[in-house]
Every structure is written in structure tokens, then in C-alpha cells.
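Everything below concerns the one structure shown next.
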Amino acid sequence: MHDVLVVGGGIAGLRAAVAAKGAGASVALLTQSHPTRSYSVTVQDGINAPDSAEGCDGHINDTLAAGAGLNVASVVTSICREAAALVEELDRLGVPFNRVGSVIDRAPVSGAGESRATYVNDITGLAVTQTLYEQVIGTGVDVYEEWLALSLVVDGGECVGVVALQLATGALEAFDAKAVVLATGGLRRAFEPSTSSLHCSGSGIALAYRAGASLVDMEFVQYYPAVLSGSHLALSPLLLGAGAVLEDGSVRLNGTLDSALVEARFPDTLHRVEALSGVNMLTEPAPVQSGMSRLLGGVDVNVHGESSIPGLFAAGECAGNGFHGAQGLNGNFLLVSAASGRSAGLAAAAHMRSVAEGTAGAQAASGVRAELDAALARPGGAPVSALRTELASLMHQKAGESRDAEGLSEAVQRIRAMREEHAQLGAGSTARDFNFGLVQYLEAGTLLDVAETIAASALERTESRGVHRRTDHPEVDASQGARQQVTRSEDGARVSRETGAA
Amino acid sequence: MEITFKFQRGGTRAQPEYVDYQIDVPPEMTVFDALVAVRETQDGTLAFRGNCSVGFCGDCTLSVNGAQKVTCLVTVGKTQKDGVITVQPIRYAPVEKDVMHDMRKFLWDKVDTFARGVVPNGGHPVTDEELRPVRKAMRCTTCGLCDEGCTVIDVNLDFYGPAALTKLYRFAFDPRDGITAERLREGSELHGIWDCVHCWEATEHCPFGLEPTHLIMDTRDRAIAYGIKSGYGNKMLERHYDAFEESISGKGWLDERSVALQTYGGLIKGGIKTLPLGLRALRKGKATLKPHYKRPGADHIRKIFDRYNRSNAGLRKEKQR
Ligand code: SF4
């Protein structure tokens, strides 16, 4: 039994684990891969953190303007106000932020107005992840690597643990905890093109949803305009902010940016673009397309990361705390991951309850075992893969950057049918150790569940706002200025309009 | 393009067993994406790692057609030979299943040894310049390719290896850290920086140009500036290196008699220990009792030592702080 169990080893999860540990809790961190293999390491964005009070007001205003009336203002204010301190703390812990002289530099990122993004060349995500992982190692958090969380344990309405599968052995275990923090990231694999990593399967969101938690803002799916064609690599908004030109489906540096500067600040971008597309960006434009990059909604939580289920917290991309509203600014994503991770970790550690060593965990585990055994016996592989591929193109076409009622209801219907097809499928092999067929089947399940909530929410919002663009309702409708919640019901996702923010 | 993946499943390193998988993919697809497609559509029990697919997570390192690669950064078209791509585990790494390496043993335990976070020294504000080495080392994806090329790990899996020592470098060169000397001593233990044979293979192997061998050499220089030498923790070896340095810098050549005496603990203790060997050498005419004369180039050699010491004066001062 741990005081706090964190699920997910990216920036939000690591920050949550470090915060909870620092508050004196015993902490376990459960991750699908080694933490420094998480999606977070690919993020080459900066972290918005102005170093003055006026700068901070500007940051708040820009964030609210982008969010188009749907931000939770108190969350925006609190996170923006702590941003500079958060960056200083990360710097103290070891993140080597770029400086001008000895002052941490602030650079412009595309689409976000002023120069307020702190950064580490083009490896901010990698550097922050490494640094937080070092803290996890240094402070003695128990790390469970290569475990996949499959179900929340809810007892008497409270979350008291997680049932998880050990990938190497196929063992199933119930992890008891006084509080659980979900930090599993987004569901990019439900969209193509996207900036996806393989593990971006929406699992935490699906687990919370299945356990009865409410989700929020699920219709807001943000695309990034400069994803290297045929790949999942986003060209950094810092690169565009520095003057690279995005036009006619390509990003051009030559003629606009000094090669020496690009080589010094974007070495990893140059290297990877060349490896992935054969283009030397110093001399030729790189072909790009728009790809899904961020889910702005998630598990409905307040500023402390508390969900509608006591004992269940969420942070990072899987959490919908209302910071972004209807559209997120570049430079705000890593900020929210770190900030929300910290507050969820602290709140989870403070969630002092005497949870008796009950039998709920064991019961939940045996239920999951039965389901898994059935899935192991069913055929899988290619048909599961086909479902996932179909989902990714369906979501992109019908629930992507441009939407309408017809396409969205078609998507909802098709996803429901796909869930039934999915239920007939399985792992395709009874192997216990490293059964990726089983993982694929389970991930397709979480992707389908969360995708349905996205399409259903988007269908319900009959207006255009932020990144939610309805061709059949191209204007903002002032009467729809409330957030939408989604809960699970017998006949699928049920969407409702918020009455008062949590 | 029709590709046959010859995928190593089972058998031994000496006698691997392969299973063939055919797939039709565009030549510009990465090897990693193609392998994922094979696993997702043909055989879900194929075991290999990988997540980000864009070269940042370092998880998909494999041997493909005999070359060791971060497989998401190489294309099928350029890797295949006559339509075949043979997939094997990387050398030296223990294997859990198929081409799934035991990364805990091969890498993580070693990296974690040096991964204790920065212990702030509460010191002066640092400049961008001072942080550049740290930033360079943090580009490391822990892909393990430098360890894969390492000629020491080949014979001694316990050697920390260039990837873990890159992590040590990251801290040893961080001006914000307050326990540099302690870290350098840790890194100087057995299997640490002094076990590197500077074959430069790691630098050749790093796909991101981090030059891990250079980083090890720089870490050694820093250790020396902190008064920590090869053979750290072994008194006799430490004396040996001191005597060696003294002899060359003072006399311009290696005076084996004084080196031997000092190594074994000075005139009296060393004298007794080396007496039988010395007598035998005298008898065979390999040693003489006459004093050694000073070599003609000795002054020049001393100048080289002086210059080296001056160039490290800053570090020495810092160490005393
Ligand atoms: S130093 Fe280079 S080769 Fe070695 S693990 Fe790091 S990135 Fe890979």
C-alpha cells in the first residue's frame, strides 16, 4: 500500500510523484515504458513564464483570449502566476535553460504573441523529463516500469488503487493506494496525421470514465500546423517563433534564419528532419502538414487536480482543468503539465484517509483477470489493427479540424459499432509475456471509448469556438459559453452543459 | 516495396533462429514503423521496444542487417539488402525475449547510479556559456548505441559504459551542482571513467554526435584537476601514478627505480619489497646503482607539464572553494 500512486511517467506524472514524495507521502510511479521514454521527451515547445508582473498579466490575457471564454479563470491565474517560480525551480533542479548572459532567456513561440517562452534549445521536453526523473530516482519513489494500468479500484465511491498488467510477465496486480494520480497523457493514436507516440492511447481518461468520473471539454482537439509530412515529428513552435516561415505546406529556414543560429539552437530538429525525410533544412524547405497534437479536455478536475471521484486526481494532458479553454497557446502545454502535476501530487499527498487494507483491489483484479483471459482466447491482430487505423482516419476526417453534424453523428454511430466489433476481438495469442497483441487490443478499447466522447461532445456543441470548428455553425454562439461534461451511460457517452465550474 | 523481415526469435547468439515476416511498405517508411506494422497485423507476440517514433525516446535500438541503429531514424529502403532486413538484438545486451533487451541490466541500473539530481550549491548565477556542456550531454536519448559499440563492455558487462558516464559528465560539468568532487570520486571507482580504453568507438557510434568518448576524457581531466587519479581508492596505484608523473616531469624520462620504490611505499617499505627484484635486475645488468643523468629534453617536458597545470588552475581553485 502506498499513500500515492501515480500512473504515467511523463512530465506531469514525474512532477506529481516528486511533489507527493516531497510532502512526505510514500509514492509509487507506474509507467508503461521507462519514464525517459515517454511522449514528453519529444516535446520541443518552450514553457511560457514571463519574469515580470506586467508580463504575467499579458500571459493571462493572451491565454484567456485564446481560450475564447471557456477557460476557468482561476486556474489560468494561479498557473500563470506560479510559472516563473516553476521555471526557476526546474532550473535549480538541473534543467539547463538557455540564458542571455546569466538571465534565463524568453523567446517567442509561434501564435503566442510576446517573447515569454523559456526553453532548452530544441530539447525542452527531454531536459525537463530527465531532470524530473533524476529527482524521482534521488528521492526514492518506487518506480514500476512497463506496467499498463487497466482499471481503477473504486470502493464505496472512493478510488483506492489501480489494477495493472506487467508487460514482461503478464502478471496482474492490484496496487492499493490512498490516492491515485492519473497522468497518462493524450490519445494521439486516435488521429492520423498526428504527433503521436505509440503509447498515446488515452488510457487514463478511459479508466476514469469507465469508473464513473466525469470528463470535460472533450470536443477541443488541437492541431499543430507544422508536423513533418509522413512522420509524427512536430517542428518546434520556437523554430517558427524564431523566424522560420510556414507557407504552402512547408517550413523554410533559408533566407530567413541564420544557419549558425539554427545549428546552435535546433541541432536535434535538423538531425531528425534529415533522418526522417532526407531534407537538409539549412538549404531546403521541409514538407509539413497539419496534425493532431493536443487534447484540451480530459478528466474533469479542479485546480488541485481533484476529479469527481474522491481519491482520484488527474494531471497533464489527460486532465481537463480548464486552463486552455477552447484553444491552447504554444508554450502553455509543458507549463500546464508541470504545474498541474505539482498541484495534483500535493493534493493527493494531503488526501489523508485511513484506507483499510480492503479486498476491493483483489476483487477488481480477479474481475480484470477473467476479462483478460477471455480476451487472450479471442482472435486479434490484423482486425484490431484495422479498427485502430480506421478510427484514426475517421476521427481526422469527421472529428478533426473541421466538423459538421452529419459527419459527427456518423462518427458517433460508427465508433459505437466499432466498439461492438472490438468486443468480439482479442489478443490473438495466449502468450503471457510481452503480449503486444493484448496491449494493442486493450489500447484500441481505450481509444474507442475516448474517441466516442470527443465526437459526442463535438456534436453537441453547435457553434464554432476556439479549435472546435463547425462548418454548419461557423459562428460563436454566446449562449453556449459553458463547458460540457461527458459521463458514461448505458447507451454511450452522455454530454451535458455545465452549470457551475468545479 | 516487398520486404522480408528475418526476425531473430530464440536460439542463441551463436546460433540464432529466425522467423520470416513479409510486408509491403513504402521504401521511405522507417524500419521501426514497418516493424510495428508487422507486429500489429501479423504477430502480436513479436517482442521489441519503441514508443515515440521520432528519435527522441531512444527505445527502439536494434541491430538491422548487421548495423546497430535507432530504428525509427532509418528507412526501410536504405536498410534493406535484396529485399531482406535481418533483425537482431544489439551485441552485449542480455536479452529478455526475441530482440527485447534487458535494459535494466544493460543500461538503466548504470545510468541511475549517476542520476542523482543536482544538489544546488547556492552559488553564483551561471552563464549560458557555462551550461553548454550540460545541454549537450542532455541531448542523450539513452539509446545505448555507444555502449553497444564499447570495446570494454564487450569483455566486461560491469563497466559503466559511455551512456552512464555521459550522465556523470552532465553533473560533473554543471556549475550549479555542489557535490562535484563526490561525483567524480564515484565515477572513479572500479568500472568507471578510468576503465575506458579510449578506443573512440562510442564517439563513432553515437547517432546524435554527442561524442561520448570525448565526454569521458573531459571527465577524467576534471577528476585529475580535483586531485582524483586513475586507480582512485587503491593507494598503491595512486602512488604509482604520482611517481610516474614526478619522474617524467622532473627527469624527462621514466626512472623505473624511483617509480618502483615510491609505488611500493617509499625508500624503506618499497626498498624491502622491491629488493629481490632489484638484486636480480642488478645481477642481469638491467639496472645500475649509478645515478640517472638528466635527459637533454627534460626542461621542455617540464614546460609541457607546467602549461597543463596552468590551464587547469581555474579548476583547482574551484575545487578549493
Ligand atoms: S551518448 Fe549517444 S549513443 Fe550513447 S546513449 Fe546517449 S544518445 Fe545514445
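Going down the list, the protein sequences come from chains S and Z.
According to the working numbering, the first sequence is numbered sequentially starting from 221.
According to the working numbering, the second sequence is numbered sequentially starting from 1263.
Glycine included, every Cβ here is placed at the ideal spot set by N, Cα and C.
For residue i, the nearest candidate out of the options (CA to CA)
{"i": "A602(S)", "options": "L418(S), H642(S), S586(S)", "result": "H642(S)"}
{"i": "R1564(Z)", "options": "L1537(Z), G1514(Z), R1501(Z)", "result": "G1514(Z)"}
{"i": "Q252(S)", "options": "G525(S), I529(S), C420(S)", "result": "C420(S)"}
{"i": "T1442(Z)", "options": "T1465(Z), D1420(Z), T1481(Z), G1454(Z)", "result": "T1481(Z)"}
{"i": "L418(S)", "options": "R409(S), G545(S), G475(S)", "result": "R409(S)"}
{"i": "E378(S)", "options": "M615(S), A678(S), A568(S), S622(S)", "result": "A568(S)"}
{"i": "A286(S)", "options": "E302(S), Q705(S), G333(S)", "result": "G333(S)"}
{"i": "K1535(Z)", "options": "K1546(Z), V1521(Z), N1418(Z), G1547(Z)", "result": "V1521(Z)"}
{"i": "V499(S)", "options": "L458(S), G450(S), A462(S)", "result": "G450(S)"}
{"i": "L392(S)", "options": "V588(S), E695(S), S605(S)", "result": "V588(S)"}
{"i": "T1404(Z)", "options": "E1500(Z), P1469(Z), E1508(Z)", "result": "P1469(Z)"}
{"i": "L1516(Z)", "options": "G1528(Z), Y1526(Z), H1502(Z)", "result": "H1502(Z)"}
{"i": "A337(S)", "options": "V363(S), G275(S), T351(S), A397(S)", "result": "G275(S)"}
{"i": "M189(S)", "options": "A388(S), Y429(S), I529(S), L679(S)", "result": "The displayed coordinates of chain S run from 221 to 722. Any statement about residue 189(S) would go beyond what the structure contains."}
{"i": "N1496(Z)", "options": "P1474(Z), C1461(Z), W1456(Z)", "result": "W1456(Z)"}
{"i": "T256(S)", "options": "I299(S), L225(S), A304(S), I357(S)", "result": "I357(S)"}
{"i": "V1381(Z)", "options": "A1399(Z), G1312(Z), A1434(Z), Y1555(Z)", "result": "A1434(Z)"}
{"i": "M438(S)", "options": "I425(S), S416(S), Q700(S), L352(S)", "result": "I425(S)"}
{"i": "L427(S)", "options": "R703(S), L662(S), Q700(S)", "result": "L662(S)"}
{"i": "A1242(Z)", "options": "V1361(Z), L1541(Z), Y1555(Z)", "result": "Given that chain Z is displayed from residue 1263 to residue 1583, the structure contains no residue 1242(Z) and the question cannot be resolved."}
Integer-rounded CB distance, given that residue j should sit under 8 Å from residue i
{"i": "G230(S)", "j": "G422(S)", "result": "Actually they do not touch by this definition, with Cβ atoms about 14 Å apart."}
{"i": "V361(S)", "j": "V247(S)", "result": "5 Å"}
{"i": "R708(S)", "j": "G432(S)", "result": "7 Å"}
{"i": "L234(S)", "j": "T349(S)", "result": "7 Å"}
{"i": "L346(S)", "j": "V261(S)", "result": "4 Å"}
{"i": "T283(S)", "j": "N552(S)", "result": "6 Å"}
{"i": "F533(S)", "j": "V696(S)", "result": "Wrong, their Cβ atoms sit about 32 Å apart, outside the cutoff."}
{"i": "R652(S)", "j": "G314(S)", "result": "Contact flag wrong, Cβ pair sits at about 39 Å."}
{"i": "V1326(Z)", "j": "T1337(Z)", "result": "Actually they are not in contact, since the Cβ atoms of V1326(Z) and T1337(Z) sit about 11 Å apart, beyond 8 Å."}
{"i": "A612(S)", "j": "E467(S)", "result": "Going by Cβ atoms, the distance from A612(S) to E467(S) rounds to 27 Å, so no, they are not a contact pair."}
{"i": "C1408(Z)", "j": "H1467(Z)", "result": "5 Å"}
{"i": "T1348(Z)", "j": "L1297(Z)", "result": "That pair is no contact at about 12 Å."}
Delimiting residues of the beta strand (DSSP E) encompassing residue i
{"i": "T251(S)", "result": "247-251"}
{"i": "S716(S)", "result": "712-717"}
{"i": "V588(S)", "result": "V588(S) -> not in any beta strand (DSSP E); alpha helix (DSSP H) instead, spanning 580-597."}
{"i": "H222(S)", "result": "222-227"}
{"i": "P507(S)", "result": "506-515"}
{"i": "D362(S)", "result": "362-365"}
{"i": "G450(S)", "result": "Unbroken run through G450(S): none, as it is neither H nor E."}
{"i": "R336(S)", "result": "335-338"}
{"i": "F486(S)", "result": "Looking at the DSSP string, F486(S) is not in any beta strand (DSSP E), and its letter there is neither H nor E."}
Bridge partners - residue i, DSSP secondary structure assignment
{"i": "T707(S)", "result": "R714(S)"}
{"i": "L392(S)", "result": "L385(S)"}
{"i": "A568(S)", "result": "According to DSSP, A568(S) bridges with nothing at all."}
{"i": "Y1283(Z)", "result": "F1267(Z)"}
{"i": "S470(S)", "result": "E467(S), P507(S)"}
{"i": "I267(S)", "result": "T338(S)"}
{"i": "G1273(Z)", "result": "P1278(Z)"}
{"i": "R1292(Z)", "result": "Sequence check: residue 1292(Z) is Thr here, not Arg. The partner list for T1292(Z) (beta bridge, DSSP) reads T1337(Z)."}
{"i": "G646(S)", "result": "G600(S)"}
{"i": "S699(S)", "result": "For S699(S), which the question treats as bridged, DSSP gives no partner whatsoever."}
{"i": "E343(S)", "result": "According to the sequence provided, residue 343(S) is Ile. The question's Glu does not apply to it. Paired residue(s): none; I343(S) is not in a bridge."}
{"i": "Y444(S)", "result": "G511(S)"}
Bounding residues of the alpha helix (DSSP H) (the contiguous stretch that carries residue i)
{"i": "Y1431(Z)", "result": "1423-1434"}
{"i": "S677(S)", "result": "656-680"}
{"i": "V1388(Z)", "result": "No alpha helix (DSSP H) holds V1388(Z); DSSP gives it neither H nor E."}
{"i": "G518(S)", "result": "Counting along the chain, G518(S) falls outside any alpha helix (DSSP H), though it belongs to the beta strand (DSSP E) covering 518-520."}
{"i": "F1567(Z)", "result": "1560-1573"}
{"i": "P603(S)", "result": "602-619"}
{"i": "N500(S)", "result": "Segment: none, N500(S) is in no alpha helix (DSSP H) and carries neither H nor E."}
{"i": "V687(S)", "result": "Per DSSP, V687(S) belongs to no alpha helix (DSSP H) and is neither H nor E."}
{"i": "P457(S)", "result": "457-461"}
{"i": "C300(S)", "result": "293-313"}
CB contact check: residue i to chain A, cutoff 7 Å
{"i": "K1359(Z)", "result": "The structure shown has no chain A; the protein chains it does contain are S and Z."}
* Asked: In the segment 1312-1368 of chain Z, which residue ranges form an unbroken alpha helix (DSSP H) of at least 4 residues, counting only runs that do not cross its ends?
  -> 1338-1341
* To do: Enumerate, from N- to C-terminal direction, the unbroken alpha helix (DSSP H) stretches of 4 or more residues contained entirely within the segment 1469-1529 of chain Z.
  => 1474-1487, 1497-1513, 1518-1525
* Would you list, in sequence order, the uninterrupted beta strand (DSSP E) runs of no fewer than 3 residues that lie entirely inside the segment 525-565 of chain S? => 532-534
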